[in-house]
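Enquirer: Here it is, the structure in full.
Protein chains in written order, with the working numbering: chain L, 4 to 309; chain A, 13 to 278.
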């Protein structure tokens with residue numbers, strides 16, 4: 004197990020470093036950031052002076068070295084728009100994203116896992132058919148459309164909820180429902196099919212044959228054995244959510260990481276883009292690592308093998 | 013039942029996309045400032061009109077063309093590039109495999125939509141660039157699936173036998189390995205298709221991707237936000253078209269997966 008953790012940690016560090024390089028290349032190869040941020044009537048010599056001052060005239064490899072040195076200390080330079088530390092801006096947005104992501108994850112699991120279990124145990128019943136329709140629709144409905152429609156109904160027509168922004172509990176309702184609708188549909192479908200597969204295995208037959216009560220068979224024998232794919236998907240989704248829900252945050256004007264990233268991209272505010280994208284990729288990679296480590300805890304065979 | 017619904021919806025969208033010029037009641041670009049924001053059911057405008065007096069039904073119908081065109085192109089590019097890289101990574105192993113798979117790991121450390129969005133903001137706006145960005149973000153899935161399939165297929169007896177008979181490497185790859193990997197590629201393609209169509213709409217919605225006045229569902233939804241208080245139909249119809257397309261393709265994808273590759277069943 005220790006070797007397994009060590010290998011996965013080393014891989015994670017490598018991937019995080021390579022993704023930093025990818026972020027640098029993506030942004031630096033996209034053109035001259037100085038020109039994009041200068042007034043239209045600027046003189047060529049002034050542009051050059053800016054370029055010199057911001058270090059864009061140095062060879063790419065020198066810029067890369069400087070970038071990496073700064074990045075590991077959380078220094079991505081100043082936001083071109085806000086004239087403030089870019090990484091600081093990212094961290095400032097973190098609590099809002101954590102609040103929304105946390106709510107959405109809790110909501111997702113609270114809906115999806117019971118729904119998946121019930122539809123698997125009561126296979127081909129009315130509730131299974133209703134559940135299937137709901138999950139298929141949930142997966143196909145684009146979140147930003149669902150968001151607009153809920154906004155029209157609950158904010159414009161009924162005036163029950165605010166259209167956007169952050170504040171009390173009422174601000175949290177629509178964005179977290181929009182996020183949970185899509186993710187819960189996926190988790191519920193996967194829970195259903197994983198559980199159905201496990202229920203067909205011999206060890207379930209054995210458990211039933213020895214007279215174990217059905218709830219115990221499902222909870223203890225079948226569910227635990229179908230946990231790996233469910234944990235994998237839930238972990239990936241949590242990673243995506245913690246990195247900032249780009250679209251949902253934008254629709255509901257939620258001041259989180261996702262909205263910051265979109266605005267920075269629209270403004271071509273590259274220090275903020277780099278800081279936000281890299282931060283997201285670290286969170287996402289760490290979520291993957293946690294999922295992998297959870298395998299060892301869920302499945303003794305994984306521990307044995309490594 | 014699910015299969016038929018999926019096929020009907022998918023075929024419906026394809027027919028609409030192909031026949032848009034004949035089905036549309038008006039030119040999707042023709043503005044008429046005297047009849048802006050007319051509600052659905054107005055004479056001559058079954059879905060109503062937008063803020064510039066353009067016929068919404070015509071724009072939704074033509075939107076199917078944009079969505080399907082982008083979806084089909086992206087799926088073809090990602091299947092070819094990702095599939096080829098997966099074949100090489102699985103067949104050659106050693107350093108090509110390491111390089112391709114590390115690259116895949118790095119890409120998978122970014123959420124798909126964020127990566128596609130960032131690449132799109134960098135390469136620029138428009139129809140061609142949205143295909144480029146979605147493809148650059150989407151090839152990884154094929155590479156991974158195809159590589160793991162190739163690794164198992166090439167150990168099978170008929171491949172080993174062919175190799176023992178002196179069949180060349182390239183021929184071995186194309187005649188014996190590829191046909192056995194093809195079903196997985198088709199399944200992944202069908203599952204990726206709706207993801208690409210929805211991602212394109214989302215990116216266009218955020219103001220990147222396809223730009224107005226091109227009738228793309230995502231940018232139509234984006235414009236509709238300014239009129240949500242007065243014209244719900246501007247948001248309702250393009251979004252419903254997008255959701256029905258995604259629903260149809262998802263159902264077809266589920267059916268293909270169940271019949272072609274039971275191993276991938278989710």
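Beta carbons are placed, not taken as given, at the ideal position from N, Cα and C, and that holds for glycine.
For a cutoff of 9 Å on Cβ pairs, would you count residue 223 of chain A as touching chain L?
Expert: Here residue 223 of chain A refers to the residue found at position 211 of the second chain. Chain L contact via Cβ: absent.
Enquirer: Thinking C-beta only, is residue 238 of chain L closer than 9 Å to residue 290 of chain L?
Expert: The residue you call residue 290 of chain L lines up with position 287 of the first chain. The residue you call residue 238 of chain L lines up with position 235 of the first chain. With a cutoff of 9 Å on beta-carbon distance, residue 290 of chain L and residue 238 of chain L are scored as near each other.
Enquirer: Would a check of beta-carbon distances place residue 177 of chain L closer than 9 Å to chain A?
Expert: As a first step, residue 177 of chain L must be located in the first chain, where it is residue number 174. So no, residue 177 of chain L is outside the interface.
Enquirer: Hey, is residue 119 of chain A's beta-carbon within less than 9 Å of any beta-carbon in chain L?
Expert: In the second chain, residue 119 of chain A corresponds to position 107, counting from 1. Yes, because at least one Cβ of chain L sits closer than 9 Å to the Cβ of residue 119 of chain A.
Enquirer: If contact means a Cβ-Cβ distance below 9 Å, which residues of the stretch 239-251 of chain A contact chain L?
Expert: 240, 241, 244, 247, 248, 250 and 251
Enquirer: Just to confirm the assignment, what range does the alpha helix (DSSP H) spanning residue 198 of chain A have?
Expert: Along the second chain, read from residue 1 onward, the residue named residue 198 of chain A stands at position 186. 190-217 is the extent of the alpha helix (DSSP H) around residue 198 of chain A.
Enquirer: Give the interface partners of residue 155 of chain L over in chain A, defined as CB-CB distance under 9 Å, in chain order.
Expert: On the first chain, residue 155 of chain L is found 152 positions in, with the first residue counted as 1. Those within 9 Å of residue 155 of chain L in chain A are 240, 241, 244, 247 and 248.
Enquirer: Going by the CB atoms, is the gap between residue 22 of chain A and residue 261 of chain A shorter than 9 Å?
Expert: Residue numbering aside, residue 261 of chain A sits at position 249 when the second chain is read from its first letter. Residue numbering aside, residue 22 of chain A sits at position 10 when the second chain is read from its first letter. Residue 261 of chain A places its beta carbon less than 9 Å from that of residue 22 of chain A.
Enquirer: Contact defined as beta carbons within less than 8 Å: I believe residue 281 of chain L pairs with residue 26 of chain L. What is the distance between those atoms, to the nearest angstrom?
Expert: The count along the first chain starts at 1 and reaches residue 281 of chain L at position 278. The count along the first chain starts at 1 and reaches residue 26 of chain L at position 23. Residue 281 of chain L to residue 26 of chain L, Cβ: 5 Å. Contact.
Enquirer: Exposed or buried, what is residue 132 of chain L when buried is set at 16 or more other beta-carbons lying within 10 Å of its beta-carbon?
Expert: Here residue 132 of chain L refers to the residue found at position 129 when the first chain is read from its first residue. Exposed, because fewer than 16 other Cβ atoms sit within 10 Å of the Cβ of residue 132 of chain L.
Enquirer: Check whether the Cβ of residue 40 of chain A lies closer than 9 Å to any Cβ atom in chain L.
Expert: The residue labelled residue 40 of chain A in the question sits at position 28 within the second chain. Closer than 9 Å: no.
Enquirer: Are at least three pairs of beta-carbons, each pair with one atom in the stretch 230-246 of chain A and one in the stretch 211-219 of chain A, less than 8 Å apart?
Expert: yes
Enquirer: Buried or exposed for residue 34 of chain A, please, with buried defined as at least 16 other CB atoms from any protein chain shown within 10 angstroms of its CB.
Expert: Here residue 34 of chain A refers to the residue found at position 22 of the second chain. Exposed is the call here.
Enquirer: Taking Cβ positions only, does residue 201 of chain A come closer than 9 Å to chain L?
Expert: Residue numbering aside, residue 201 of chain A sits at position 189 when the second chain is read from its first letter. Closer than 9 Å: no.
Enquirer: Determine the DSSP secondary structure at residue 81 of chain L, reduced to helix, strand or coil.
Expert: If you number the first chain from 1, residue 81 of chain L lands on position 78. Residue 81 of chain L falls in the strand class under three-state DSSP.
Enquirer: Any beta carbon from chain A within less than 9 Å of residue 148 of chain L's own beta carbon?
Expert: Position 145 of the first chain, counted from the first residue, corresponds to residue 148 of chain L. Closer than 9 Å: yes.
Enquirer: Going by DSSP, name the residue or residues bridged to residue 57 of chain A.
Expert: Taking the second chain and counting its residues from 1, one reaches residue 57 of chain A at position 45. A:54.
Enquirer: Is the stretch 162-172 of chain A touching the stretch 67-87 of chain A in the sense that three or more CB pairs, one from each, lie closer than 8 Å?
Expert: no
Enquirer: Any chance the stretch 177-197 of chain L sits against the stretch 217-234 of chain L, with 3 or more Cβ pairs inside 8 Å?
Expert: yes
Enquirer: Pick from A:196, A:48 and A:185: whose alpha carbon is nearest that of residue 104 of chain A?
Expert: Stepping through the second chain from its first residue, residue 104 of chain A is reached at position 92. The candidate whose alpha carbon is nearest that of residue 104 of chain A is A:185.
Enquirer: Residues of chain A with a CB under 8 Å from the CB of residue 287 of chain L: which are they?
Expert: Translated into the one-based positions of the first chain, residue 287 of chain L becomes position 284. Near residue 287 of chain L (Cβ distances below 8 Å), the residues of chain A are 121, 122 and 123.
Enquirer: Can you give the Cα-Cα distance for residue 263 of chain A and residue 15 of chain A, rounded to whole angstroms?
Expert: Sequence index remark: in the second chain, residue 263 of chain A carries index 251 (1-based). Sequence index remark: in the second chain, residue 15 of chain A carries index 3 (1-based). If you take the alpha carbons of residue 263 of chain A and residue 15 of chain A, they lie about 6 Å apart.
Enquirer: When burial is assigned at 16 or more other CB atoms within 10 Å of the CB, is residue 51 of chain L buried or exposed?
Expert: On the first chain, residue 51 of chain L is found 48 positions in, with the first residue counted as 1. Residue 51 of chain L is exposed by the Cβ-count criterion.
Enquirer: Bridge partners for residue 323 of chain L per DSSP, in chain order?
Expert: Nothing can be reported for residue 323 of chain L, as the shown portion of chain L is limited to 4 through 309.
Enquirer: What is the rounded straight-line gap between the Cα of residue 36 of chain A and the Cα of residue 70 of chain A?
Expert: Position 24 of the second chain, counted from the start, is the residue given in the question as residue 36 of chain A. Position 58 of the second chain, counted from the start, is the residue given in the question as residue 70 of chain A. Residue 70 of chain A has its alpha-carbon roughly 5 Å from the corresponding atom of residue 36 of chain A.
Enquirer: Would you call the CB atoms of residue 97 of chain L and residue 260 of chain L closer than 9 Å?
Expert: As a first step, residue 97 of chain L must be located in the first chain, where it is residue number 94. As a first step, residue 260 of chain L must be located in the first chain, where it is residue number 257. When the beta-carbon positions are compared, residue 97 of chain L and residue 260 of chain L come within less than 9 Å of each other.
Enquirer: Going straight from the alpha carbon of residue 29 of chain A to that of residue 15 of chain L, what length do you get?
Expert: Taking the first residue of the second chain as 1, we reach residue 29 of chain A at position 17. Taking the first residue of the first chain as 1, we reach residue 15 of chain L at position 12. Cα to Cα, residue 29 of chain A sits roughly 45 Å from residue 15 of chain L.
Enquirer: Cβ of residue 287 of chain L within 9 Å of Cβ of residue 246 of chain L?
Expert: For the purposes of this step, residue 287 of chain L is identified with residue 284 of the first chain, where counting begins at 1. For the purposes of this step, residue 246 of chain L is identified with residue 243 of the first chain, where counting begins at 1. Contact: yes.
Enquirer: Name the chain A residues whose beta carbon is nearer than 7 Å to that of residue 142 of chain L?
Expert: As a first step, residue 142 of chain L is located in the first chain; it is residue number 139 there, counting from the start. The contacting residues are 262.
Enquirer: One question on the structure: do residue 108 of chain L and residue 17 of chain L come within less than 9 Å of each other, judged by their Cβ atoms?
Expert: Taking the first chain and counting its residues from 1, one reaches residue 108 of chain L at position 105. Taking the first chain and counting its residues from 1, one reaches residue 17 of chain L at position 14. No, they are not a contact pair.
Enquirer: Between residue 15 of chain A and chain L, is there a C-beta pair that is closer than 9 Å?
Expert: Taking the first residue of the second chain as 1, we reach residue 15 of chain A at position 3. Cβ-Cβ to chain L under 9 Å: no for residue 15 of chain A.
Enquirer: Within its chain, find whatever has a CB closer than 7 Å to the CB of residue 17 of chain A; leave out the 5 residues flanking it on each side and keep chain order.
Expert: The sequence position of residue 17 of chain A within the second chain is 5, counting from 1. Closer than 7 Å at the Cβ level, and outside the excluded window around residue 17 of chain A, lie 263.
Enquirer: Counting Cβ pairs closer than 8 Å, one from the stretch 134-151 of chain A and one from the stretch 201-217 of chain A, do we hit at least three?
Expert: yes
Enquirer: In three-state DSSP terms, what is residue 302 of chain L?
Expert: The residue labelled residue 302 of chain L in the question sits at position 299 within the first chain. Looking at residue 302 of chain L - three-state DSSP - the assignment turns out to be coil, as it is neither helix nor strand.
Enquirer: Comparing alpha-carbon positions, which option in L:128, L:99 and L:29 lies nearest residue 67 of chain L?
Expert: Within the first chain, residue 67 of chain L is the residue found at index 64, counting from 1. Ranking the options by Cα distance to residue 67 of chain L, first place goes to L:29.
Enquirer: On the premise that residue 263 of chain L lies in contact with residue 121 of chain L, defined as a C-beta separation below 8 Å, what is that separation, rounded to the nearest angstrom?
Expert: Taking the first chain and counting its residues from 1, the one referred to as residue 121 of chain L is at position 118. Taking the first chain and counting its residues from 1, the one referred to as residue 263 of chain L is at position 260. Not really, about 39 Å apart at Cβ, beyond 8 Å.
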